[in-house]
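Structure, as structure tokens:
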Amino acid sequence: MDRDFTLEKHLLTRCYSSPSEIEAIIETRYKNNESSDPYLVLVPTSGPEGVKPAPARTHFGKNMDLKPAQARKVNIRRDMKVYIKKTLAAQTKLVKKVQHARKEGRSVDLEMYISRYNIPRYDMYLQLHLLWKQYIQDLLFGDQKNPNLNMVLPRLSTADFNGCKLRVIESRDRNLIGFEGIVLYDSQHSFMLVSPQLKQSNHVISPAQSVGGLKVVSKRGTMFAFDVECAPGEFVSFTILGSRFELRAVDRAGKKFKSRGVEDIY
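The following block contains the structure:
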């Protein structure tokens with residue numbers, strides 16, 4: 118027990134200003150009846166700020182009925198699928214507009230529709246490609262002037278291809294041959310590429326080529342190629358068998374590839 122009654126005196130100073138009155142209350146705080154409980158006399162005070170208005174009061178009973186709001190869990194994979202689906206649907210819609218306009222002999226303001234449908238533009242991802250070029254040069258060659266390809270190939274198999282400019286050189290889908298674009302997302306079974314708008318060509322430009330935008334290319338049955346600058350003005354070309362790259366980038370980084378047969382493209 119606190120023999121100095123420090124706590125009691127401190128509480129009583131909030132209600133009584135006279136020290137003698139506080140001492141008297143401390144001396145008589147216990148009843149003579151041993152069966153009864155000790156008590157401490159306090160009187161209500163108005164306080165320096167007065168009574169708070171009703172809106173500022175805390176309603177404990179009301180708050181007990183409220184449940185904490187659950188944070189919305191963001192599923193990145195689901196959001197990515199929704200984005201791809203919406204973008205491809207918008208591109209298909211715009212391609213049909215171009216087809217109808219050509220049949221009727223009129224032009225279409227592609228820039229306006231591309232902005233309205235939020236179709237990704239090739240120029241927006243050129244900076245990403247420049248970052249990837251520096252990344253792949255440091256990963257494969259570093260400071261070596263004459264790199265050994267036997268050391269380069271294992272590093273290439275574990276590289277991140279987001280930002281790489283890929284072109285399709287062989288595919289079961291003959292319409293994909295010659296397609297080129299920057300990798301936006303390297304998934305397990307496909308590359309998601311953004312292609313430029315083709316405005317001038319020696320051949321007839323299709324409506325899809327004039328729109329450009331997003332394209333999902335399956336890895337299975339497709340052969341890709343890309344170039345890496347190993348020295349100023351000197352490039353090394355690499356070929357990727359998509360069927361061997363059907364792994365996520367994070368899983369491919371820790372995998373050791375072995376020489377084995379792969380299915381034919383044709």
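Note that the sequence shown covers residues 118 to 383 in our numbering.
The beta-carbon is built from N, C-alpha and C at its ideal position, and this holds for glycine as well.
Closest in C-alpha terms to Leu256, from the list Val212, Val345, Ser232, comes Val345.
Distance from Leu227 to Val328 at the Cβ level is roughly 7 Å; contact confirmed, criterion being Cβ atoms closer than 8 Å. In this model, Gln261 and Val285 are separated by some 29 Å (Cα to Cα).
Gln254 has its alpha-carbon roughly 12 Å from the corresponding atom of Pro349. Between Ser323 and Thr209, the alpha-carbon positions lie close to 13 Å from each other. With a 10 Å radius around the Cβ and a threshold of 16 neighbouring Cβ atoms, Asn279 comes out buried. In this structure Ile236 is buried. Its beta-carbon is surrounded by 16 or more other beta-carbon atoms within 10 angstroms. Assignment of beta-bridge partners to Met340 by DSSP yields Glu287, Leu358. When Cβ pairs closer than 8 Å are counted between the two stretches, the stretch 266–278 is seen not to touch the stretch 216–235, the count staying below three.
Leu331 is not a Cβ neighbour of Val300, given a cutoff of 8 Å. Sequence-distant partners of Met340 (beyond 5 residues in either direction) whose C-beta falls short of 8 Å from its own C-beta, in its chain, are Val285, Ile286, Glu287, Ser288, Thr356, Ile357, Leu358, Gly359, Ile382.
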